[in-house]
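A.B. asks: Please see the structure below; I have some questions.
In the working numbering, the protein residues as written are 815 to 911.
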């Protein structure tokens, strides 16, 4: 199934890369690339990851890659990546898409 990054997910990835680049620019690039690859692989079996019950909107799922939960929703013809966050962040504070 096709996987698309929402604008919010793109901003999340940019923030992650900027944060890591403060100490290690090379690792920042590879980390963001790895996260994008992990997100794209969700399309291979999008129902294989658990629903996130705390979201008000139904059908939001989470795949964890390292310390980074990747939040997504299965839509009619695609998987929409909603957010990519560091696990230490308070993701309850993020608005539902």
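Cβ coordinates follow ideal geometry from the N, Cα and C atoms, glycine included. All figures in this text were calculated on a predicted structure; none of them were measured in a lab.
Return helix, strand or coil for residue 890, following the three-state DSSP convention.
C.D. replies: Taking the chain shown and counting its residues from 1, the one referred to as residue 890 is at position 76. Looking at residue 890 - three-state DSSP - the assignment turns out to be coil, as it is neither helix nor strand.
A.B. asks: Helix or strand or just coil, what does DSSP make of residue 912?
C.D. replies: Past the boundaries of the shown model lies residue 912; the chain is included only from 815 to 911, so the question cannot be answered.
A.B. asks: What is the DSSP secondary structure of residue 855, counted as helix, strand or coil?
C.D. replies: Numbered from 1 along the chain shown, position 41 holds the residue referred to as residue 855. Residue state, collapsed to three classes: helix.
A.B. asks: Smallest Cα separation from residue 893: which of 880, 876, 900?
C.D. replies: To locate residue 893, count along the chain shown from 1; it is residue 79. For residue 893, the nearest C-alpha among the options comes from 876.
A.B. asks: The beta strand (DSSP E) spanning residue 866 covers which residue range?
C.D. replies: For the purposes of this step, residue 866 is taken as the residue at position 52 of the chain shown. From DSSP, residue 866 is part of no beta strand (DSSP E); its letter is neither H nor E.
A.B. asks: What does DSSP give as the partner residues of residue 846 in its beta bridges?
C.D. replies: Your numbering for residue 846 matches position 32 in the chain shown. Answer is none; residue 846 lacks a bridge partner.
A.B. asks: Give me the Cα-Cα distance between residue 830 and residue 881, rounded to the nearest whole angstrom.
C.D. replies: Within the chain shown, residue 830 is the residue found at index 16, counting from 1. Within the chain shown, residue 881 is the residue found at index 67, counting from 1. Those two C-alpha atoms are separated by around 11 Å.
A.B. asks: Is the distance from the Cβ of residue 759 to the Cβ of residue 842 below 8 Å?
C.D. replies: Absent from the structure is residue 759, since the part of the chain shown begins at 815 and ends at 911.
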